[in-house]
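Participant: Have a look at this one.
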Amino acid sequence: MNRKEALKKWEEIIQDIENKKPEIDRLFKILKEANIEQTIAGISQKETEANSKSELIGQLYQKSEEKIKEIDNIKIKTEELLNTNNEQAEKISDLLQKAAAGTLFEAFKIRKTEHEKSASFWVKMIGVAIIALLVIAGWIVWVVHIKNVLSYEFLVKLSISIPLIFWLSFSTKQYTKSKKLEEEYAFKSSISLSLEAYRDLLKRESGEPTKAEVVPFITSAVDKIFSSPNENLAQHSIKEDKDIVDSFSGLIEKIARLIGK
63 MNRKEALKKW EEIIQDIENK KPEIDRLFKI LKEANIEQTI AGISQKETEA
113 NSKSELIGQL YQKSEEKIKE IDNIKIKTEE LLNTNNEQAE KISDLLQKAA
163 AGTLFEAFKI RKTEHEKSAS FWVKMIGVAI IALLVIAGWI VWVVHIKNVL
213 SYEFLVKLSI SIPLIFWLSF STKQYTKSKK LEEEYAFKSS ISLSLEAYRD
263 LLKRESGEPT KAEVVPFITS AVDKIFSSPN ENLAQHSIKE DKDIVDSFSG
313 LIEKIARLIG K
(Lines of atoms letter the chains of each structure in order from A and count residues from 1; the text may use other names and numbers.)
(Lines give C-alpha, C1' and ligand atoms only; values in the text may rest on other atoms or scores of the structure.)
Protein backbone atom coordinates (compact mmCIF):
# COMPACT_ATOMS: atom_id res chain seq x y z
CA MET A 1 0.00 0.00 0.00
CA ASN A 2 1.40 3.32 -0.97
CA ARG A 3 1.06 6.55 0.86
CA LYS A 4 -1.88 7.73 -1.15
CA GLU A 5 -3.89 4.67 -0.41
CA ALA A 6 -3.06 4.84 3.27
CA LEU A 7 -4.18 8.42 3.47
CA LYS A 8 -7.39 7.53 1.72
CA LYS A 9 -8.00 4.68 4.14
CA TRP A 10 -7.47 6.94 7.13
CA GLU A 11 -9.94 9.46 5.75
CA GLU A 12 -12.53 6.71 5.37
CA ILE A 13 -12.02 5.68 8.98
CA ILE A 14 -12.43 9.24 10.17
CA GLN A 15 -15.54 9.66 8.06
CA ASP A 16 -16.98 6.46 9.48
CA ILE A 17 -16.31 7.68 13.01
CA GLU A 18 -18.00 10.95 12.17
CA ASN A 19 -20.99 9.08 10.81
CA LYS A 20 -21.26 6.87 13.93
CA LYS A 21 -20.69 9.71 16.43
CA PRO A 22 -24.41 10.50 16.87
CA GLU A 23 -25.08 6.86 17.62
CA ILE A 24 -22.21 6.76 20.08
CA ASP A 25 -23.46 9.94 21.77
CA ARG A 26 -26.94 8.42 21.99
CA LEU A 27 -25.55 5.26 23.60
CA PHE A 28 -23.48 7.28 26.08
CA LYS A 29 -26.58 9.31 26.94
CA ILE A 30 -28.61 6.15 27.57
CA LEU A 31 -25.87 4.70 29.74
CA LYS A 32 -25.55 7.93 31.65
CA GLU A 33 -29.29 8.15 32.27
CA ALA A 34 -29.36 4.50 33.37
CA ASN A 35 -26.51 5.04 35.84
CA ILE A 36 -28.21 8.13 37.28
CA GLU A 37 -31.51 6.30 37.78
CA GLN A 38 -29.71 3.37 39.35
CA THR A 39 -27.78 5.71 41.60
CA ILE A 40 -30.96 7.55 42.54
CA ALA A 41 -32.65 4.23 43.27
CA GLY A 42 -29.68 3.16 45.39
CA ILE A 43 -29.72 6.44 47.25
CA SER A 44 -33.45 6.11 47.85
CA GLN A 45 -32.94 2.58 49.12
CA LYS A 46 -30.11 3.69 51.38
CA GLU A 47 -32.25 6.57 52.62
CA THR A 48 -35.11 4.17 53.36
CA GLU A 49 -32.75 1.85 55.19
CA ALA A 50 -31.27 4.78 57.09
CA ASN A 51 -34.74 6.00 58.07
CA SER A 52 -35.68 2.49 59.16
CA LYS A 53 -32.52 2.16 61.22
CA SER A 54 -33.02 5.64 62.65
CA GLU A 55 -36.55 4.70 63.66
CA LEU A 56 -35.26 1.47 65.20
CA ILE A 57 -32.56 3.41 67.06
CA GLY A 58 -35.22 5.83 68.27
CA GLN A 59 -37.33 2.95 69.56
CA LEU A 60 -34.32 1.41 71.26
CA TYR A 61 -33.44 4.77 72.80
CA GLN A 62 -37.00 5.20 74.06
CA LYS A 63 -36.97 1.70 75.53
CA SER A 64 -33.60 2.36 77.15
CA GLU A 65 -34.98 5.57 78.66
CA GLU A 66 -37.95 3.64 80.00
CA LYS A 67 -35.63 0.99 81.44
CA ILE A 68 -33.47 3.69 83.03
CA LYS A 69 -36.58 5.19 84.62
CA GLU A 70 -37.64 1.74 85.84
CA ILE A 71 -34.16 1.16 87.27
CA ASP A 72 -34.26 4.57 88.97
CA ASN A 73 -37.69 3.75 90.43
CA ILE A 74 -36.43 0.37 91.61
CA LYS A 75 -33.37 2.06 93.10
CA ILE A 76 -35.56 4.58 94.93
CA LYS A 77 -37.84 1.81 96.22
CA THR A 78 -34.81 -0.24 97.24
CA GLU A 79 -33.37 2.72 99.16
CA GLU A 80 -36.76 3.28 100.80
CA LEU A 81 -36.92 -0.40 101.77
CA LEU A 82 -33.36 -0.26 103.11
CA ASN A 83 -34.17 2.86 105.12
CA THR A 84 -37.34 1.23 106.40
CA ASN A 85 -35.43 -1.93 107.30
CA ASN A 86 -32.73 0.12 109.04
CA GLU A 87 -35.36 2.04 110.99
CA GLN A 88 -37.14 -1.18 111.93
CA ALA A 89 -33.83 -2.82 112.85
CA GLU A 90 -32.99 0.20 115.01
CA LYS A 91 -36.43 0.07 116.63
CA ILE A 92 -36.04 -3.66 117.24
CA SER A 93 -32.58 -3.04 118.68
CA ASP A 94 -34.00 -0.32 120.94
CA LEU A 95 -36.83 -2.63 122.02
CA LEU A 96 -34.39 -5.45 122.70
CA GLN A 97 -32.11 -3.14 124.67
CA LYS A 98 -35.07 -1.78 126.62
CA ALA A 99 -36.26 -5.34 127.16
CA ALA A 100 -32.77 -6.28 128.32
CA ALA A 101 -32.75 -3.29 130.67
CA GLY A 102 -36.22 -4.28 131.90
CA THR A 103 -35.06 -7.87 132.35
CA LEU A 104 -32.07 -6.70 134.37
CA PHE A 105 -34.35 -4.48 136.42
CA GLU A 106 -36.72 -7.36 137.13
CA ALA A 107 -33.84 -9.73 137.94
CA PHE A 108 -32.30 -7.22 140.34
CA LYS A 109 -35.73 -6.48 141.80
CA ILE A 110 -36.29 -10.19 142.49
CA ARG A 111 -32.90 -10.44 144.19
CA LYS A 112 -33.67 -7.28 146.18
CA THR A 113 -36.99 -8.78 147.31
CA GLU A 114 -35.23 -11.98 148.37
CA HIS A 115 -32.74 -10.05 150.48
CA GLU A 116 -35.56 -7.94 151.93
CA LYS A 117 -37.20 -11.15 153.14
CA SER A 118 -33.84 -12.38 154.43
CA ALA A 119 -33.23 -9.10 156.28
CA SER A 120 -36.73 -9.27 157.75
CA PHE A 121 -36.07 -12.83 158.94
CA TRP A 122 -32.79 -11.89 160.62
CA VAL A 123 -34.40 -8.87 162.27
CA LYS A 124 -36.87 -11.27 163.84
CA MET A 125 -34.00 -13.54 164.91
CA ILE A 126 -32.25 -10.55 166.49
CA GLY A 127 -35.45 -9.72 168.37
CA VAL A 128 -35.81 -13.32 169.56
CA ALA A 129 -32.15 -13.41 170.67
CA ILE A 130 -32.51 -10.12 172.57
CA ILE A 131 -35.69 -11.32 174.27
CA ALA A 132 -34.02 -14.64 175.18
CA LEU A 133 -30.99 -12.80 176.60
CA LEU A 134 -33.25 -10.52 178.62
CA VAL A 135 -35.16 -13.52 179.96
CA ILE A 136 -31.94 -15.33 180.94
CA ALA A 137 -30.48 -12.16 182.42
CA GLY A 138 -33.64 -11.65 184.47
CA TRP A 139 -33.58 -15.26 185.59
CA ILE A 140 -29.92 -15.00 186.66
CA VAL A 141 -30.61 -11.79 188.57
CA TRP A 142 -33.61 -13.42 190.26
CA VAL A 143 -31.53 -16.46 191.22
CA VAL A 144 -28.77 -14.27 192.64
CA HIS A 145 -31.18 -12.22 194.74
CA ILE A 146 -33.40 -15.06 195.90
CA LYS A 147 -30.78 -17.74 196.49
CA ASN A 148 -27.32 -17.48 197.87
CA VAL A 149 -25.27 -18.91 194.98
CA LEU A 150 -21.56 -19.31 194.76
CA SER A 151 -19.59 -17.29 192.28
CA TYR A 152 -18.73 -20.27 190.12
CA GLU A 153 -22.41 -21.30 190.03
CA PHE A 154 -23.27 -17.80 188.91
CA LEU A 155 -20.68 -17.94 186.19
CA VAL A 156 -21.93 -21.32 185.03
CA LYS A 157 -25.45 -19.94 184.79
CA LEU A 158 -24.05 -16.89 183.02
CA SER A 159 -22.29 -19.12 180.50
CA ILE A 160 -25.72 -20.32 179.35
CA SER A 161 -26.12 -16.95 177.66
CA ILE A 162 -22.99 -17.43 175.52
CA PRO A 163 -24.79 -19.31 172.71
CA LEU A 164 -27.47 -16.65 172.76
CA ILE A 165 -24.83 -13.94 172.49
CA PHE A 166 -23.29 -15.79 169.57
CA TRP A 167 -26.76 -16.19 168.06
CA LEU A 168 -27.39 -12.46 168.45
CA SER A 169 -24.04 -11.59 166.92
CA PHE A 170 -24.53 -14.00 164.01
CA SER A 171 -28.08 -12.76 163.38
CA THR A 172 -26.87 -9.15 163.44
CA LYS A 173 -24.13 -9.99 160.97
CA GLN A 174 -26.55 -11.78 158.63
CA TYR A 175 -29.02 -8.92 158.87
CA THR A 176 -26.28 -6.43 157.98
CA LYS A 177 -25.20 -8.58 155.04
CA SER A 178 -28.77 -8.97 153.75
CA LYS A 179 -29.42 -5.25 154.14
CA LYS A 180 -26.27 -4.37 152.21
CA LEU A 181 -27.20 -6.80 149.44
CA GLU A 182 -30.72 -5.38 149.36
CA GLU A 183 -29.34 -1.86 148.93
CA GLU A 184 -26.83 -3.11 146.35
CA TYR A 185 -29.52 -4.72 144.18
CA ALA A 186 -31.81 -1.71 144.60
CA PHE A 187 -28.97 0.44 143.28
CA LYS A 188 -28.33 -1.96 140.38
CA SER A 189 -32.01 -2.05 139.40
CA SER A 190 -32.20 1.76 139.37
CA ILE A 191 -29.03 2.09 137.30
CA SER A 192 -30.16 -0.58 134.80
CA LEU A 193 -33.21 1.51 133.92
CA SER A 194 -31.36 4.83 133.78
CA LEU A 195 -28.76 3.44 131.35
CA GLU A 196 -31.32 3.45 128.52
CA ALA A 197 -31.89 7.18 129.00
CA TYR A 198 -28.15 7.85 128.94
CA ARG A 199 -27.80 5.70 125.82
CA ASP A 200 -30.46 7.81 124.07
CA LEU A 201 -28.65 10.95 125.23
CA LEU A 202 -25.39 9.63 123.81
CA LYS A 203 -27.08 8.92 120.46
CA ARG A 204 -28.62 12.40 120.27
CA GLU A 205 -25.52 14.29 121.38
CA SER A 206 -22.76 13.63 118.87
CA GLY A 207 -20.35 16.22 120.23
CA GLU A 208 -17.05 14.97 121.55
CA PRO A 209 -17.29 16.96 124.84
CA THR A 210 -20.62 15.32 125.65
CA LYS A 211 -19.27 11.87 124.83
CA ALA A 212 -16.19 12.53 126.90
CA GLU A 213 -18.46 13.22 129.89
CA VAL A 214 -21.14 10.58 129.32
CA VAL A 215 -19.08 7.58 128.17
CA PRO A 216 -16.97 7.27 131.37
CA PHE A 217 -20.14 7.55 133.46
CA ILE A 218 -21.91 4.82 131.47
CA THR A 219 -18.81 2.62 131.59
CA SER A 220 -18.59 3.04 135.35
CA ALA A 221 -22.32 2.37 135.73
CA VAL A 222 -22.09 -0.81 133.64
CA ASP A 223 -19.12 -1.99 135.71
CA LYS A 224 -21.14 -1.43 138.88
CA ILE A 225 -24.15 -3.26 137.45
CA PHE A 226 -22.23 -6.37 136.45
CA SER A 227 -19.82 -6.40 139.37
CA SER A 228 -20.45 -9.07 141.98
CA PRO A 229 -22.10 -7.61 145.09
CA ASN A 230 -20.41 -10.25 147.21
CA GLU A 231 -16.87 -8.97 146.57
CA ASN A 232 -17.02 -6.08 149.02
CA LEU A 233 -19.08 -8.12 151.44
CA ALA A 234 -16.52 -10.93 151.38
CA GLN A 235 -13.72 -8.53 152.32
CA HIS A 236 -15.72 -7.10 155.24
CA SER A 237 -17.08 -10.51 156.19
CA ILE A 238 -13.61 -11.97 156.81
CA LYS A 239 -12.74 -9.14 159.18
CA GLU A 240 -16.11 -9.36 160.96
CA ASP A 241 -15.81 -13.14 161.40
CA LYS A 242 -12.31 -12.74 162.83
CA ASP A 243 -13.53 -10.05 165.25
CA ILE A 244 -16.42 -12.26 166.40
CA VAL A 245 -14.18 -15.28 166.91
CA ASP A 246 -11.62 -13.17 168.82
CA SER A 247 -14.35 -11.65 171.01
CA PHE A 248 -15.84 -15.01 171.96
CA SER A 249 -12.44 -16.56 172.48
CA GLY A 250 -11.57 -13.74 174.86
CA LEU A 251 -14.92 -14.05 176.65
CA ILE A 252 -14.51 -17.81 177.12
CA GLU A 253 -10.98 -17.35 178.45
CA LYS A 254 -12.18 -14.77 180.98
CA ILE A 255 -15.02 -17.04 182.15
CA ALA A 256 -12.61 -19.96 182.44
CA ARG A 257 -10.22 -17.88 184.57
CA LEU A 258 -13.08 -16.71 186.81
CA ILE A 259 -14.34 -20.28 187.28
CA GLY A 260 -10.80 -21.41 188.12
CA LYS A 261 -10.60 -18.89 190.91
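Going by my numbering, the first residue of the sequence shown is number 63, and it counts up by one from there.
C-beta: ideal position from N, C-alpha, C; glycine also.
(1) Kindly list the residues whose CB is nearer than 6 Å to the CB of Lys-241, restricted to its own chain and excluding five residues on each side of it in sequence; keep chain order.
(2) Please report the straight-line C-alpha distance between Glu-74 and Lys-91, rounded to a whole angstrom.
(3) Excluding sequence positions up to five away, which residues of its chain have a Cβ less than 7 Å from the Cβ of Val-185?
(4) Could you tell me the distance, in whole angstroms, from the CA atom of Val-197 to the CA atom of Val-190?
(5) Measuring alpha carbon to alpha carbon, tell me which residue in Ser-126, Asn-135, Leu-243, Trp-204 is nearest Arg-173.
(6) Just to confirm before moving on: does the CB-CB distance between Ser-233 and Ile-188 stay below 8 Å?
(7) Taking the alpha carbon of Glu-245 as the point to measure from, which residue in Lys-179, Ser-116, Leu-195, Trp-204 has its own alpha carbon closest?
(8) Do you know how far the Cα of Lys-235 is from the Cα of Ala-199?
(9) When the Cα atoms are used, what is the spatial distance from Lys-137 to Lys-129?
(10) Between the C-alpha atoms of Ser-116 and Ile-133, what's the straight-line distance to the nearest angstrom?
(11) Quick one, which of Ile-227, Gly-120, Tyr-247, Phe-228 has its alpha-carbon nearest His-177's?
(12) Exposed or buried, what is Lys-250 when buried is set at 16 or more other beta-carbons lying within 10 Å of its beta-carbon?
(13) Let me confirm a value: Glu-80 is counted as buried when at least 16 other C-beta atoms fall within 10 Å, else exposed. Which label applies?
(14) In chain order, what residues of the same chain have a beta carbon less than 6 Å from the beta carbon of Trp-229, not counting five sequence neighbours either side?
Facilitator: So, from the listed chains and residues:
(1) The residues are Ala-181.
(2) 26 Å
(3) Tyr-237
(4) Taking the straight line joining both Cα atoms gives about 10 Å.
(5) Leu-243
(6) yes
(7) Among Lys-179, Ser-116, Leu-195, Trp-204, the Cα nearest to that of Glu-245 belongs to Lys-179.
(8) 22 Å
(9) Our two residues, Lys-137 and Lys-129, have alpha carbons roughly 12 Å apart in a direct line.
(10) 25 Å
(11) Tyr-247
(12) buried
(13) exposed
(14) Taking Trp-229 as the centre and dropping the five residues before and after it, the same chain places the C-beta of Ala-191 closer than 6 Å to its C-beta, in chain order.
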